[in-house]
Structures are given as C-alpha cells and as structure tokens.
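Structure first, commentary second.
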C-alpha cells in the first residue's frame, strides 16, 4: 500500500471541499473495497478523507411517502430496517444476498454503489486493463470471460458491476443525492448514475471530482411481490453470475432489473410491458443485442429461466 | 517527525506529518516500472505518515502512533501482540481476522487502525481465557469444531456476534419472512457464518457447537 495522509471531516461541504483541495484524495467510509484495492495498489490515493463523522447514518421518511437513506447507513442496518423489510423487500433481499455479515456490518450505502468491478483482469496488475490504466488495453477480451458482460460492453471493457444493492436501487428508481465542492446539491436519478464503459471505462459514474454522495432516496413503495434471486457458484458469499430483482403486481405486470450482465445494473423499462408474456418474451427485449462468448452465453438462458422462475413464484404468491 | 501531541484532534485532524516531509521527498511515480499495467494514477509517492490512535481492546486502553496504513489486524497482532486474531487472506474473503468492534463483527484486515479512534474492540483473547472459557470456546472444544485451528478465533468471534445479530432481529439471506423475527435454524447458522472459511472443512462440527450455544439440539 502507498503512504497517504488522513483527515476526518465534520460536514459534507467540508468533505467535498477537502477533496477538491487535495487531488488524489479519496473519501473513505467502510473501506471494505477501497482498502482491498489500495493493498494491491490499484487505488493509490495520497490522501484519505474519513467521512464517517458526517452523521449521514439515518433512514428517514420523505415528504412524498418514500425514504431517504443516509450515505453512511451500513448495509446490515439498511437490510434490517423494518420499513425497508416491509415496503422495499427487494432492497433488503439484495443487500442480504451480498458479501458476508462482517462486510455488511462495515459497508455503507454510498460505498456499495461505488464499489469497483471484480473483473480478475482489473485486479491483476500484471495485465493491461483500460479501467485500471486507461489506454493500456483489455485483457478480458479474448481471455476467460465466464463472468463478464453480455450487454452494453465496449471494445475497451467487458467488466460487470458487482453490486447487488445497486440492482435493487435501479429497480426502485432511486435518486442519488450529492453535494459538490462548491456546495451545490443535486439528485442524480439512478438511471443516469452509472455509465456504460465506452472508451472511458475508468469513469464509472456521473459523479464529478470531489462530489460526495449524501443520501439515496426511494420513491413511494411499489406494492406487489418483491424478489431478489441471485445465481452464483456457491450458496452464499459469492458474486452473482446473474441476479434478478423483480417486483411483480397481482395483474402480472411489474419491473425487473438484472445484475451480473453489464457494466451497470441492467434495466430496460420499455421491455417491461412484455413481462406478462413470460420470461422468454421479456428477456428477448431486455437483452436485445446481447454479445456473448462461448463461456458466458449461458447467462442469456440463465436470466430468462430465473425470471420465469420468479414469475412462477409470483403466481403462487411465494414472495 | 512531528510529535504526536501536536496533532490536532479537534476539528480537521489532518495528519500532516508525512505530507510535510513528502513534499521534499516526493518523486514522480516511476513510469518505467510498469509502463502498461501499473496503478491508475501518476501521483507522487509519499513518505510514510503516522497518526495517533487510541482505543480499548479487551477492556484495556491502548494508544500509539502508527503508520496510517496499519490495519486494525496488524495493530492487534504486531503492535499489541494479540496473536489470537489470524491473518488469512488479508483481503476480506476468509474471515480469519474477525473481531468484534463496538458490538459488531468485522474483518480487521479491511479496516484502518486510525479509523477506530475511541473504539471498543473484543478479540478472541477478550472473549475468554484458559480456565475461564467463553461458552462458545468451550462448545468448539466439545464438538471438535476445528482441525488445524487457524480459522477458529475468527469463527468463534463471528459466531458470538452472529447469535447476537439473530437476537437483535437482523434477517439473513435465507430468512423466509423478512418481517418476522429470524429463526435459529441450521440453514440460518450456515448462511450467517458464510463469511468464515474453514479449509479443513470442520463446518459440520462448527455448526453443532454454535447450535448448542444457541440453545438448539444438535
């Protein structure tokens, strides 16, 4: 790990200003992904800004019947919040499907949104990677691609986004509240938050230099039955091959977002009108234009069958 | 180096010691070292920076100036010589370093010591000692919940905290009804302990030990 200086800040504006003042700095909260990457010198901040003292650790109702989740709310606490369990079950389920209890006890809401890909070529500093070192090339393309993206990928990057929580947030149309170094606050719709890799896979979100996430907001509850099905190589504590977040209404309509298939949580709202026709019709639209390799073509079938399985459970009222 | 007493703990708490010396010692990242595969930045490399941390471990207060890079795990093992907590993968994947901080189990390897100012830490040594074992330690012995024993301190700290999480009503991935008080089934125990890997494969006996302490019948 490279040496770094360290400071604690007391307000979001102070945090954003500190980041602007110190190029090469990173915010740190739970640190469960950042420290991992710093040990491998994939992340090399020269300055850490500890934001744990900002008090952004509450889940509160919003004026329009939704919830505002503080950026520092730990994954365990968010998954266990009774309002989330009751009204946003898909979010609680997604959180509980991710990582281990130890990691969920530390990991924060904002940090979970910002975790980096687990592409093994991103992690292997002996290999070129456009996300780690822009312009160096992509070792995954032509490499072992079983875990890689099947939609939205580019010739520069085929990595997937690893978060379960973010898939549920995408489904729920969450908003990402931020404050910038100049004090300006904005809310970024989650649909606009994550970028596809394009030619700049190292730029993963709409956040600007020094911009700090202060909260994630959820609109009013959707009702319906909530599902989060994660398919992985072992029963627990593994990243998804594919995961499906779904909210299905009594009339068979609903929403679906999918993880493990793209550089960001994958949702195509225009495809959801086909959901009552079944997983095959819907996933044909959801994954239209998919480009697969011999090793990851199974993901197309797995997405379709997982959705079919959830729709069947929904018909039986088994959420 | 700046004396630790000079460090301002009131508001900004910037640990500038290393930054001052680094401005003189700064060298550009050696691009020639790894022209195509290195780290993603071209920032200067800083000289080591230290900062003061004071925390309570197993009821005893401890205070020291440490390199900012020191993990909680290395603080416990290398600075406090509490070697019960083990370093397995050092990247949050195995759970051997599990300790209980402010009532919650965490991976000590993925946590910086300086970020635990004022924390209350319990390690395996704090749970119990020979002659005065914690019930979970005694149950692991009774049920032979280990083979080589390397993962055991982490397993035991994790198990103690896991039962507390059930008591506090925190659901898990395998909880059927999200809004109900979680059950203490074997499936629940297995899921809740999935962050602790045992490469000897003593899982069956580990679950028996935890189940006994939880009040179940194994």
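Protein chains in written order, with the working numbering: chain C, 1 to 319; chain G, 1 to 218. Don't be surprised by glycine CBs; every beta carbon is placed ideally from N, CA and C.
Count the other C-beta atoms from every protein chain shown that fall within 10 angstroms of the C-beta of residue i, then say buried if there are 16 or more, exposed otherwise.
i, result
"residue 164(C)", "buried"
"residue 198(G)", "buried"
"residue 277(C)", "exposed"
"residue 225(C)", "buried"
"residue 92(C)", "buried"
"residue 141(G)", "exposed"
"residue 14(C)", "buried"
"residue 12(C)", "buried"
"residue 102(C)", "buried"
"residue 180(G)", "exposed"
"residue 199(C)", "exposed"
"residue 317(C)", "exposed"
"residue 27(G)", "Model confidence at residue 27(G) stands at a pLDDT of 33, short of 50, so the residue's coordinates are unreliable; what they give is reported in the following sentence. Counting Cβ neighbours within 10 Å, residue 27(G) comes out exposed, since fewer than 16 surround it."
"residue 89(G)", "exposed"
"residue 315(C)", "exposed"
"residue 211(G)", "buried"
"residue 182(G)", "buried"
"residue 82(C)", "exposed"
Interface residues of chain A around residue i at Cβ under 8 Å?
i, result
"residue 158(G)", "No chain A appears in this structure, whose protein chains are C and G."
Please confirm if residue i has its CB atom under 8 Å from at least one CB of chain C.
i, result
"residue 141(G)", "no"
"residue 225(G)", "Any question about residue 225(G) goes unanswered here, given that chain G covers just 1 to 218."
"residue 211(G)", "no"
"residue 79(G)", "no"
"residue 91(G)", "yes"
"residue 51(G)", "yes"
"residue 47(G)", "yes"
"residue 230(G)", "Since the displayed chain G opens at 1 and closes at 218, residue 230(G) lies outside it and no answer follows."
"residue 33(G)", "Interpretation of residue 33(G) is limited by its pLDDT of 35, a score under 50 that renders its predicted location unreliable; no figure is taken from the coordinates."
"residue 188(G)", "no"
"residue 199(G)", "no"
Using only CA atoms, which one of the options lies nearest to residue i?
i, options, result
"residue 233(G)", "180(G), 56(G) and 127(G)", "Since the first residue shown for chain G is 1 and the last is 218, residue 233(G) is missing from the structure and cannot be characterised."
"residue 96(C)", "167(C), 281(C), 310(C) and 12(C)", "167(C)"
"residue 108(C)", "124(C), 85(C), 120(C) and 77(C)", "77(C)"
"residue 16(C)", "129(C), 54(C), 189(C) and 35(C)", "54(C)"
"residue 53(G)", "103(C), 115(C), 7(C) and 3(C)", "7(C)"
"residue 189(G)", "160(C), 233(C), 26(C) and 100(C)", "100(C)"
"residue 176(G)", "239(C), 83(C), 228(C) and 292(C)", "228(C)"
"residue 293(C)", "150(C), 110(C) and 126(C)", "150(C)"
"residue 212(C)", "3(C), 26(C) and 303(C)", "26(C)"
"residue 104(G)", "117(C), 75(C) and 46(C)", "75(C)"
"residue 180(C)", "1(C), 138(C) and 18(C)", "18(C)"
"residue 10(C)", "40(C), 1(C) and 52(C)", "52(C)"
"residue 157(G)", "184(G), 64(G), 107(G) and 191(G)", "107(G)"
"residue 128(C)", "103(C), 291(C), 98(C) and 156(C)", "156(C)"
"residue 221(C)", "20(C), 65(C), 56(C) and 28(C)", "65(C)"
"residue 147(C)", "29(C), 262(C), 223(C) and 4(C)", "262(C)"
"residue 102(G)", "94(G), 123(G), 96(G) and 109(G)", "123(G)"
"residue 215(G)", "149(G), 163(G) and 65(G)", "163(G)"
"residue 274(C)", "237(C), 85(C), 35(C) and 308(C)", "308(C)"
"residue 286(C)", "300(C), 194(C) and 143(C)", "300(C)"
"residue 22(C)", "32(C), 37(C) and 46(C)", "46(C)"
"residue 192(C)", "33(C), 267(C) and 135(C)", "267(C)"
"residue 82(G)", "94(G), 160(G) and 126(G)", "126(G)"
"residue 152(C)", "305(C), 288(C) and 310(C)", "288(C)"
Would you grab the beta carbon distance between residue i and residue j for me? Rounded to a whole angstrom, and I think it's under 8 Å.
i, j, result
"residue 137(G)", "residue 200(G)", "Rounded, the Cβ-Cβ distance is 18 Å, inconsistent with contact."
"residue 50(G)", "residue 68(G)", "7 Å"
"residue 171(G)", "residue 235(C)", "About 17 Å; that fails the 8 Å criterion."
"residue 265(C)", "residue 271(C)", "No, residue 265(C) and residue 271(C) are not in contact; Cβ-Cβ is about 14 Å, not under 8 Å."
"residue 130(C)", "residue 119(C)", "Actually they are not in contact, since the Cβ atoms of residue 130(C) and residue 119(C) sit about 11 Å apart, beyond 8 Å."
"residue 2(C)", "residue 62(C)", "Wrong, their Cβ atoms sit about 41 Å apart, outside the cutoff."
"residue 209(G)", "residue 139(G)", "4 Å"
Is residue i close to chain G, meaning its C-beta is less than 8 Å from at least one C-beta of that chain?
i, result
"residue 169(C)", "no"
"residue 80(C)", "yes"
"residue 308(C)", "no"
"residue 155(C)", "no"
"residue 205(C)", "no"
"residue 237(C)", "yes"
"residue 114(C)", "no"
"residue 316(C)", "no"
"residue 85(C)", "yes"
"residue 186(C)", "no"
"residue 194(C)", "no"
"residue 4(C)", "yes"
"residue 159(C)", "no"
Continuous alpha helix (DSSP H) assignments of at least 4 residues falling wholly in the stretch 28-93 of chain C: For the stretch 28-93 of chain C, whole alpha helix (DSSP H) runs of length 4 or above, ordered along the chain, are 34-39, 75-80 and 82-87.
Every unbroken beta strand (DSSP E) inside the stretch 111-135 of chain G [3 residues or more]: List check, beta strand (DSSP E) in window: 120-122.
Ordered list of alpha helix (DSSP H) runs contained in the stretch 270-300 of chain C, each at least 4 residues: Listed in chain order, they are 279-286.
Minimum length 4: unbroken alpha helix (DSSP H) runs contained in the stretch 184-216 of chain C: Within the stretch 184-216 of chain C, the complete alpha helix (DSSP H) runs of at least 4 residues are 190-193.
Can you give, in chain order, each stretch of the beta strand (DSSP E) that sits fully within the stretch 116-187 of chain C and has at least 3 residues? Fully enclosed beta strand (DSSP E) runs of 3 or longer: 175-179.
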